[in-house]
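Below is one structure, written out as structure tokens; comments come after it.
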Amino acid sequence: MSFELLFKCHCVEAGTSFRHTHDLVELAKTANLRASRHEIEVFKTLSAFIIWDGRYPIPKTAKSLEEHWKHQIDLSQSDELDFEILLPIWRRFSDLYLERHR
Numbered sequence: 004m005s006f007e008l009l010f011k012c013h014c015v016e017a018g019t020s021f022r023h024t025h026d027l028v029e030l031a032k033t034a035n036l037r038a039s040r041h042e043i044e045v046f047k048t049l050s051a052f053i054i055w056d057g058r059y060p061i062p063k064t065a066k067s068l069e070e071h072w073k074h075q076i077d078l079s080q081s082d083e084l085d086f087e088i089l090l091p092i093w094r095r096f097s098d099l100y101l102e103r104h105r
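When the letters of the sequence shown are read in order and numbered with my numbering, they come out as residues 4 to 105.
Okay, here's the thing in structure tokens:
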């Protein structure tokens with residue numbers, strides 16, 4: 004959820020309005036943040052976790068639940084959400100925020 008808050012902070016400080024969403028890819032684009040293909044894939048995965056593991060108890064539709072399960076299965080075979088992987092991505096956008104809005 005810290006990525007979501009960070010991206011929304013970018014928008015607020017820049018005076019950019021954003022849609023009420025937990026979609027990290029959309030928020031990054033709205034905040035005019037450039038992300039690599041790998042980062043976009045990470046954001047897609049994290050978005051599902053923000054919604055279904057961080058905000059709401061269960062998905063509202065069967066399709067959403069299936070997509071969430073797919074992300075969980077994909078992650079069980081990957082280390083992309085390990086702290087050591089996510090920290091440099093978060094720091095890059097955090098440092099950019101500090102550069103832009105000090």
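Cβ atoms here follow ideal geometry from the backbone N, Cα and C, with glycine treated the same way.
>> Within 8 Å, do at least three Cβ pairs link the region 4-13 to the region 90-102?
In response: yes
> From ALA51 to HIS71, what does the alpha carbon distance come to, in whole angstroms?
Replying inline: 6 Å
> Near HIS13, what residues of its chain come up, given a Cβ to Cβ distance below 7 Å and the 5 sequence neighbours on each side ignored?
Replying inline: ALA34, LEU36, TYR100
> By the 10 Å Cβ neighbour count, where 16 or more other Cβ atoms means buried, how is ALA170 classified, buried or exposed?
Replying inline: For residue 170 there is no data in the structure shown, the boundaries of the chain being 4 and 105.
> What residue does the alpha helix (DSSP H) around SER5 start on, and which one ends it?
Replying inline: 5-17
> In three-state terms, what does DSSP make of THR64?
Replying inline: The answer is coil: DSSP assigns THR64 none of H, G, I, E or B.
> Which same chain residues, not among the five before or five after PHE21, have their C-beta less than 7 Å away from its C-beta?
Replying inline: LYS11, CYS14, LEU30, THR33
>> Can you give me the C-alpha to C-alpha distance between PRO91 and ALA65, rounded to a whole angstrom?
In response: 34 Å
>> DSSP three-state label for ASP26, please.
In response: coil
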